[in-house]
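Protein chains in written order, with the numbering used here: chain A, 1 to 241; chain B, 242 to 482. We put the beta carbon where it would ideally sit given N, CA and C, even for glycine. Since the structure is predicted, the reported quantities are computational estimates derived from the model, not experimental observations.
There are 2 protein chains.
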Amino acid sequence: MMSVTPMYVVVADRISAQIAAGELRPGDRIPGERELEELYKISRNVARAVISRLRQQGLIVSRQGKGSFVANRDLIRRLVRNGQEFRPADNTEVDQTLTVELSEVDASNDIAWCLDLSLPARVSKALMTWTIGNEPIEVTEHYERLLDQPPITRPETNPMNAPDVIKRFASIGTQVTTVEEDTSARMPTSEETHQMAIPQGVPVITVERTHHAGDTPVAISRITIRADRVLISSKQDISAG
Amino acid sequence: MMSVTPMYVVVADRISAQIAAGELRPGDRIPGERELEELYKISRNVARAVISRLRQQGLIVSRQGKGSFVANRDLIRRLVRNGQEFRPADNTEVDQTLTVELSEVDASNDIAWCLDLSLPARVSKALMTWTIGNEPIEVTEHYERLLDQPPITRPETNPMNAPDVIKRFASIGTQVTTVEEDTSARMPTSEETHQMAIPQGVPVITVERTHHAGDTPVAISRITIRADRVLISSKQDISAG
DNA sequence: TGCTATTTGTGCGTATGTATT
DNA sequence: AAATACATACGCACAAATAGC
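Below, the structure written as structure tokens:
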């Protein structure tokens, strides 16, 4: 029953402990592959396994030709109110950009199901990318049933704001009655890793928000957020009684 | 400037596409290391890199002696209301257990800072583990200032419920006025991976909830949730006008 | 029970490419 | 141009878990 812990786990956990203890601080360089070989008397591949494990845990980032460095979760705090409005907070100094691409497309099976449409069907689509300091932080795919509502043209506001959607529908006489939200997290796909330049070991937070007008779903937002940059924060007042 | 895509990325993305297309379904076995060698004319280590990449993306799980299988995100839907109450939904059939360990400990620097205490200080601690079908799904560390409130002894309710905390403080004359929540996601630590038996490529969702009575923080909950099992869901009614 | 074949896990050695300094 | 460091890749050996006989 002797369960021996593999060397690459032992070494990785030791470095991990140094990071947790503050002996290695964000930005610090950790020993390179050759150094690990000598320090712990392990082979090159095991040294690589150590670094790979730490990378996967999101503790370090590696740069070819330079080395591996303790990761920096440089969080940009955001505020969510009432499960609806997402707006940045405490980061007015950094330059934010928001790009919006509008189109009208055939609904995929998936989207048709979510919007309760029978195929084939056309829907309006908005692809929004929120960039902060040249880093894409958040990508939103927003789909709406084709009604007579004005198009989505408010790049100055945050696309995650449900209030905007609600107001726009209200302006054409469609009252959004409920907003449902599913929040989860997963590892990014290859495509997302490429698009958002996400380092290894960084998950994405996903929010799927569905707007209902009565029983019919009228709009759906799929929000994908880099978890190492964005913190979803909320504050709620409690009434006595 | 020729940027060649590495073989292990090419092969992994091809299998990833098969999973996305539904050609490989959850539970299906993917080609083994030796098979990948032959199929794509690659070496053993590259075949391993392919599998490692897919594992890291949370798309497959590997079992020694059996093979690698398409992962199954077997979500247990949960409901969050008003950012306070977390309760399970749609899963009354599965057997849930909740273990609670109560203690009184010295506050760590971290906790002391969050609760605005000056060291040394004693705090009451509750370590709660929510298990579902023998799988630990959620671990909560809950700290409270030492007041005269009754101890936390309600294993029948979900420890994430802020209302419970609020009521208990109210019963001793301390009115909780605000609840702050920070939600994020990250890869699990080695310890968490071991404790909760989390497979590779599965992040955890973290919720840090702080209860304030006026300006003083009185309780803090640190909730850690397996992201492949739990979905945080909310529903909100919109009032017209 | 024991044996064997299969499959992944761990580990070693080596060579070459590419980015950085 | 040279040194350094990570990235990709090949080949090999043995351990450990699994499944079938």
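Any chain A beta carbon closer than 8 Å to residue i
i: I479/B; result: yes
i: R427/B; result: yes
i: G263/B; result: no
i: P444/B; result: yes
i: G299/B; result: yes
i: A288/B; result: no
i: I407/B; result: yes
i: L356/B; result: no
i: I378/B; result: no
i: T415/B; result: no
i: A438/B; result: no
i: E397/B; result: For E397/B, the pLDDT reaches just 49, beneath the cut-off of 50, and the residue's location in the model is therefore unreliable, although a value from the coordinates is still provided. Chain A, which has no Cβ nearer than 8 Å to the Cβ of E397/B, makes this no.
i: D269/B; result: no
i: T424/B; result: yes
i: S412/B; result: no
i: D254/B; result: yes
i: A460/B; result: no
i: S257/B; result: yes
Inter-residue spacing [alpha-carbon to alpha-carbon] between residue i and residue j
i: Q57/A; j: R467/B; result: 15 Å
i: P272/B; j: G308/B; result: 8 Å
i: G65/A; j: E33/A; result: 12 Å
i: L358/B; j: A403/B; result: 21 Å
i: L388/B; j: C355/B; result: 16 Å
i: L472/B; j: P203/A; result: 15 Å
i: L266/A; j: H383/B; result: Lying outside 1 to 241, the shown extent of chain A, residue 266/A is not represented and no answer is given.
i: T177/A; j: N286/B; result: 55 Å
i: S171/A; j: D164/A; result: 11 Å
i: M369/B; j: L316/B; result: 21 Å
i: T246/B; j: V9/A; result: 29 Å
i: H212/A; j: A219/A; result: 7 Å
i: G442/B; j: A121/A; result: 36 Å
i: V285/A; j: A107/A; result: Residue 285/A lies beyond the residue range present for chain A, which begins at 1 and ends at 241; the question has no answer from this structure.
i: T430/B; j: L54/A; result: 10 Å
i: K476/B; j: R209/A; result: 10 Å
i: T183/A; j: A21/A; result: 32 Å
i: S239/A; j: S233/A; result: 20 Å
i: V364/B; j: A47/A; result: 42 Å
i: L360/B; j: D351/B; result: 11 Å
i: S303/B; j: I51/A; result: 21 Å
i: L79/A; j: E191/A; result: 27 Å
i: D237/A; j: N313/B; result: 39 Å
i: G414/B; j: T457/B; result: 14 Å
i: S462/B; j: V448/B; result: 8 Å
Interface flag, residue i vs chain B, CB-CB below 8 Å
i: K235/A; result: yes
i: T178/A; result: yes
i: P223/A; result: Checking the sequence, you will find Ile at residue 223/A rather than Pro. By this cut-off, I223/A is not an interface position.
i: L231/A; result: yes
i: D110/A; result: no
i: E35/A; result: no
i: S43/A; result: no
i: S124/A; result: no
i: S190/A; result: yes
Where residue i falls: helix, strand or coil (DSSP)
i: A197/A; result: coil
i: V380/B; result: strand
i: P6/A; result: coil
i: V443/B; result: coil
i: A468/B; result: coil
i: S190/A; result: helix
i: P272/B; result: coil
i: K167/A; result: helix
i: Q477/B; result: strand
i: V302/B; result: strand
i: A258/B; result: helix
i: I42/A; result: coil
i: I220/A; result: strand
i: E23/A; result: coil
i: V247/A; result: The first residue shown for chain A is 1 and the last is 241, placing residue 247/A beyond what the model contains.
i: V291/B; result: helix
i: V417/B; result: coil
i: P396/B; result: With a pLDDT of 47 at P396/B, under the threshold of 50, the predicted position of this residue should be treated as unreliable, though the coordinate-derived value follows. P396/B falls in the coil class under three-state DSSP.
Supposed contact pair residue j and residue i - C-beta distance, whole angstroms, cut 8 Å
i: A197/A; j: E135/A; result: 7 Å
i: I42/A; j: V11/A; result: 7 Å
i: L98/A; j: W130/A; result: 5 Å
i: F69/A; j: D95/A; result: 25 Å between Cβ atoms; not a contact.
i: A185/A; j: I446/B; result: 5 Å
i: V346/B; j: K366/B; result: 5 Å
i: I407/B; j: R470/B; result: The pair is not a contact, with the Cβ atoms about 27 Å apart (cut-off 8 Å).
request  = Ignoring anything shorter than 3 residues or poking outside the stretch 65 to 137 of chain A, list the beta strand (DSSP E) runs there in chain order.
outcome  = Every unbroken stretch of the beta strand (DSSP E) spanning 3 or more residues and falling wholly within the stretch 65 to 137 of chain A is given here in chain order: 67 to 70, 76 to 81, 85 to 88, 96 to 106, 122 to 132.
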